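Residue numbers (our numbering): 28 to 668.
Structure below.
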């Protein structure tokens, strides 16, 4: 254990007032040095001893105290006052001055003890004050000196006045006390010092945790706002710009769901490390929580500077990160607000950067947007739409329309695609393009998708019960649903509820949802396929790795995207792509269906090249359930079918 040179400095006590003991033994006031404190205590104690001696002589004149002995106390008190003035004018003195005063104090106290005989033992606390007080104020070496001189002085005094001979047990016990009690105090002080260091460490740790994110070590929201307030004040004084960059990692929930929270935490730490290494020394990276980060760019000269730094930040994404034994492709969405044009307060800048980030997210992965005022109105509209969506879910305002998928071989209707519609209480019937994007962003697509699945199965069961046959219903599945490892079990339970074979339920997925996390999606699709569900790859050809998907994923059908069908046969490029898709599908034994067929020319061209199923306005739009039931229950005259 370390012995501190200045023990008193290691005892922390914050209080409005100090006790008498603290004035006697410790540095009671930071404005008074240790030597001054000891000198003041000496003046008080010597004055009290002198007063006691005078009163004793007055009430008991036959006790034997001489005039010289009576004047010794006031004389030493006068010396103490002179000594106090001396150390006040020359505070930085050599050690011998302290040694001298310790010896004089103990010699004076020893003489007083000798002079009063057995009653002199009452001055024993003064010995303790000198020994312990000097040790606490000045350190262990002074404690050792005071202990040695104190025992010597006390022993000589009690020997000369006969107390040591007459009462050896008492005298020896008191001398042992002079040895042990200072050591006890020293041990207590050292223990207090250790506890104090631990408390100081805990305090620093608590202050750090209050201002930093525990996972990444980055500043948290509270510290960021404090830094941002100071940065804004400086920018106002200097007439410069600063930028707040709001970053949200795309698809982070699916990473947590598929790889576990430990993997998600590891990814956040890697992203945080990359961000910290991509900024200037004057900039700040903070984590708000979850998968949200903010980068504060100070002293931005112009928009080009902001754009250049944001471009450097994007080196952290659009690439694979290794988390454990897995690799995942990471993208983010980024919004930028610039002071002073986009806000003059910390809260406004953060809010507007957040708004711009959501605009970037709506544009697709790995995008960034600068804030503009028109966004605020759009954000208010989006917030209202989110609340309306929640109410729509609670009040079952979503309904399912069905578009026939017509086989050109015999025209007999066997498949329909389920299309969600929102019966809004104020705006009427809304199509998916007006709300699906917001539903995907908020995760509300999951309960909406579940309602669509249940309604589609209920309708299909009713058609079968009415003798209209078993129509296979194809339902669009959201990435959020596929990201849930429990989705296959939920779907199986739903089919069991309506006594519906999984082979009569088709699930349509898009290429875009496969790009984010092909491994985990492939695992879920394999489970669905093993249960008997029909998997269709929707909008085929619009993604980046379509052929790779056909090789590695359990796909049953290809749906040729309407964007390729729209301009055939006039557009040679589209014709080539569609012909290649049809050929690949046939070679792989996949079902083929063309979307967006709107005229006979398109239908004839596709039929001649072996496309065996089509859907589009040429045959029928999305129909409410009652209209579809009439179509199913009556002979159909599909064009040229």
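We put the CB at the ideal spot given by N, CA and C, even for glycine.
For clarity, every value in this text was computed on a predicted model and none was experimentally measured.
- Around residue 313, the same chain offers 245, 246, 251 and 321 as residues with beta carbons nearer than 6 Å, after the five sequence neighbours per side are excluded.
- In this structure, DSSP gives residue 451 an extended state, which the three-state scheme calls strand.
- Distance from the CA of residue 430 to the CA of residue 394, rounded to the nearest whole angstrom, comes to 34 Å.
- Apart from sequence neighbours up to five positions away, the residues of its chain that approach residue 129 with a beta-carbon distance below 8 Å are 157, 161, 169, 172, 173 and 176, ordered along the chain.
- For residue 537, the three-state secondary structure derived from DSSP is strand.
- As a beta-bridge residue in DSSP terms, residue 431 pairs with 443.
- DSSP places residue 364 in the uninterrupted beta strand (DSSP E) bounded by 359-366.
- When only Cα atoms are considered, residue 411 and residue 417 end up about 10 Å apart.
- If you ignore the 5 residues before and after residue 482, its C-beta comes within less than 6 Å of the C-beta of 427, all in its own chain and listed in chain order.
- In the three-state reduction of the DSSP assignment, residue 584 falls in the strand class, which pools E and B.
- For secondary structure counted as the alpha helix (DSSP H) over 4 or more consecutive residues, the stretch 467-524 holds these complete runs in sequence order: 472-492, 506-509 and 514-524.
- Pairing residue 508 with residue 549, the inter-Cα distance amounts to about 13 Å.
- In the displayed model, residue 563 falls within a strand according to three-state DSSP.
- The stretch 222-239 and the stretch 276-283 do not touch, with fewer than 3 CB-CB distances between them shorter than 8 Å.
- Residue 622 is a Cβ neighbour of residue 592, given a cutoff of 8 Å.
- The continuous alpha helix (DSSP H) containing residue 131 extends over residues 122-142.
- Residue state for residue 640 is assigned as strand, using DSSP reduced to three classes.
- Residue 577 is not a Cβ neighbour of residue 538, given a cutoff of 8 Å.
- Sequence-distant partners of residue 82 (beyond 5 residues in either direction) whose C-beta falls short of 7 Å from its own C-beta are missing from its chain.
- Annotated as distal: residue 443 and residue 479, with beta-carbon spacing of 8 Å or more.
- Note on residue 515: 16 or more other CB atoms within 10 angstroms of its CB, so buried under the neighbour-count rule.
- Of the residues 368, 656, 369 and 136, the one whose Cα lies closest to the Cα of residue 487 is 656.
- Distances from the alpha-carbon of residue 151 to those of 297, 632, 200 and 107 put 200 closest.
- When DSSP states are grouped into helix, strand and coil, residue 319 belongs to the strand group.
- Counting only the Cα atoms, residue 316 lies some 11 Å from residue 292.
- Per the coordinates, the alpha-carbon of residue 629 lies some 39 Å from the alpha-carbon of residue 408.
- Distance check between residue 555 and each of 266, 522, 290 and 338 places 522 closest, using alpha-carbon atoms only.
- Under a 10 Å Cβ-count criterion, residue 452 is classified as exposed, with fewer than 16 other Cβ atoms of the shown protein chains found around its own Cβ.
- For residue 306, there is no enclosing alpha helix (DSSP H), as DSSP marks it with neither H nor E.
- The C-beta distance from residue 159 to residue 101 rounds to 26 Å, too long to meet the 8 Å contact threshold.
- Comparing alpha carbon positions, the residue from 646, 594 and 456 closest to residue 632 is 594.
- Cβ atoms of residue 398 and residue 382 come within 8 Å of each other, at about 6 Å.
- Distance from the CA of residue 439 to the CA of residue 346, rounded to the nearest whole angstrom, comes to 48 Å.
- Listed in chain order, the alpha helix (DSSP H) elements of length 4 or more contained wholly in the stretch 592-659 are 599-614, 627-635 and 652-659.
- Note that the C-beta distance between residue 259 and residue 373 is below 8 Å.
- By the beta-carbon neighbour count (other beta carbons within 10 angstroms, threshold 16), residue 265 is exposed.
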